[in-house]
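Residue numbers (our numbering): 1 to 113. Note that CB positions come from ideal geometry on N, CA and C, so glycine has one too. See structure below.
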Amino acid sequence: MDAAGVLPGEQVDIVDINNGNRLTTYVIEGARGSGVVGINGAAARLISVGDLVIVIAYATVSDEEARALRPRIVFVDRHNHPLDTGADPAHVPAEADAAALIRGDHLLEGAAS
Numbered sequence: 001m002d003a004a005g006v007l008p009g010e011q012v013d014i015v016d017i018n019n020g021n022r023l024t025t026y027v028i029e030g031a032r033g034s035g036v037v038g039i040n041g042a043a044a045r046l047i048s049v050g051d052l053v054i055v056i057a058y059a060t061v062s063d064e065e066a067r068a069l070r071p072r073i074v075f076v077d078r079h080n081h082p083l084d085t086g087a088d089p090a091h092v093p094a095e096a097d098a099a100a101l102i103r104g105d106h107l108l109e110g111a112a113s
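Right, here's the structure in full:
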């Protein structure tokens with residue numbers, strides 16, 4: 001939560017990479033440093049323990065602010081501890097499993113050659 005700047009009670013979307021489910025929920029703060037991403041209530045029927053998920057938070061800003069805004073992307077390890085941060089949503093950190101994360105634009109570049 002700290003690395004992403006997400007706050008307790010903030011509305012977020014969750015995308016489950018394993019099964020394609022998407023849902024909107026809110027953040028409940030857990031034990032600091034635990035790495036637990038818990039899915040509670042009815043949403044727990046859509047996401048299984050061990051699934052890879054993307055948490056997406058949004059902000060309402062003016063047009064001027066939006067033009068200067070850069071996303072905050074946080075890549076985590078298998079224990080949800082931050083590995084890398086940045087603003088490029090297609091970035092793949094050096095520590096990532098190369099077979100698990102491939103930039104789509106690089107994949108297309110490789111296919112074109």
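{"Query": "Taking C-beta to C-beta, are Ala-57 and Ala-3 nearer than 8 Å?", "Result": "no"}
{"Query": "Using only the alpha-carbon positions, how far apart do Ile-28 and Arg-67 sit?", "Result": "30 Å"}
{"Query": "Using alpha carbons as the reference points, say which of Asp-51, Ala-42 and Gly-86 lies closest to Val-15.", "Result": "Asp-51"}
{"Query": "With 16 as the cutoff for other CB atoms within 10 Å, does Ile-47 come out buried or exposed?", "Result": "buried"}
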